[in-house]
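Be aware that the sequence shown starts at 247, since it is given in this note's numbering, and climbs by one per residue.
A short write-up of the structure that comes next.
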Amino acid sequence: MPMPHNLMGGNLLCWMDVTSAICARRHAGCVCVTASVDKVSFDSPIRLGEIVTLTAKATRVFNTSMEIHIEVHAEGMDTTRRRKCNEAYFTFVGIDEWGNKLSLPPLTPVTEAEKLQFDSAQQRRELRLVLAGKMPANQSELLKTLFKGFSEEGK
Ligand SMILES: CC(C)(COP(=O)(O)OP(=O)(O)OC[C@H]1O[C@@H](n2cnc3c(N)ncnc32)[C@H](O)[C@@H]1OP(=O)(O)O)[C@@H](O)C(=O)NCCC(=O)NCCS
247 MPMPHNLMGG NLLCWMDVTS AICARRHAGC VCVTASVDKV SFDSPIRLGE IVTLTAKATR
307 VFNTSMEIHI EVHAEGMDTT RRRKCNEAYF TFVGIDEWGN KLSLPPLTPV TEAEKLQFDS
367 AQQRRELRLV LAGKMPANQS ELLKTLFKGF SEEGK
């Protein structure tokens, strides 16, 4: 049960899903379904009456899928201080009206922050696909590099 007067986690997840889906659809120009949500932690409770702002941004398009980064901030009515409550990465897949997957328009990062997100998206993708059982661990460049590092440390 949620704490009295605190926003329930499931409600916030729903808002995050809807906001990310709108962001994905704006970039893709087609219906986008949620394929996965990376780790979400609830760092700061959101109280009744607080203003909640959700900000979603496309970080990278792969082929039929794309990654969206979303941040959640809250602020009280009586203060201008905003605090970050949580963030997450969602993956969406673009589909047509029959449910067939579609190749999505590419995304070119411009700012340094966008380039960092774009580059690291490849590693996040590998991890989520390995964890979902959709990519063999030995095909992940990130895991290969990590385990090479561990085995060299042990020598
Ligand atoms: C998401 C979905 C379209 C993927 O279809 P699929 O035939 O299993 O997918 P594929 O293995 O061909 O992969 C298609 C793309 O999705 C990505 N993908 C598949 N599973 C994924 C996962 N668990 N996490 C992240 N990306 C995933 C693949 O990497 C691939 O991306 P790419 O084309 O950019 O390389 C399908 O599983 C689906 O319709 N799921 C239900 C979606 C839904 O109802 N969402 C609402 C939640 S209730």
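Using N, Cα and C, we set each Cβ at its ideal position, and we do this for glycine too.
Please indicate yes or no: does the CB of N309 lie closer than 7 Å to some heavy atom of ligand 1?
-> yes
Taking the CB atoms as reference points, tell me whether S266 and I316 lie closer together than 8 Å.
-> yes
Pairwise C-alpha distance: D324 and K285 = 31 Å
Among L259, P291, V307, which one has its Cα closest to the Cα of R272?
-> For the residues L259, P291, V307, the minimum Cα distance to R272 belongs to V307.
Regarding L348 and ligand 3, is the C-beta to nearest heavy atom distance less than 7 Å?
-> Ligands present in the displayed structure are limited to ligand 1, and ligand 3 is not among them.
For T299: DSSP bridge partner residues | Residue pairing by DSSP places T299 opposite H319 in a beta bridge.
Go ahead and pull the three-state DSSP assignment for A383.
-> helix
How many Å lie between L262 and V277 at the Cα?
-> For the record, residue 262 in the displayed sequence is Met; it is not Leu. So the alpha carbons of these two residues sit roughly 17 Å apart.
How would you label G256, buried or exposed, when you count the other beta carbons within 10 angstroms and need 16 or more for buried?
-> With a threshold of 16 other beta carbon atoms within 10 Å, G256 falls short and is exposed.
Backbone CA spacing between N384 and L350 [nearest angstrom] | 27 Å
Own chain partners of R293 with C-beta closer than 7 Å, once the 5 adjacent residues on each side are dropped | H251, N252
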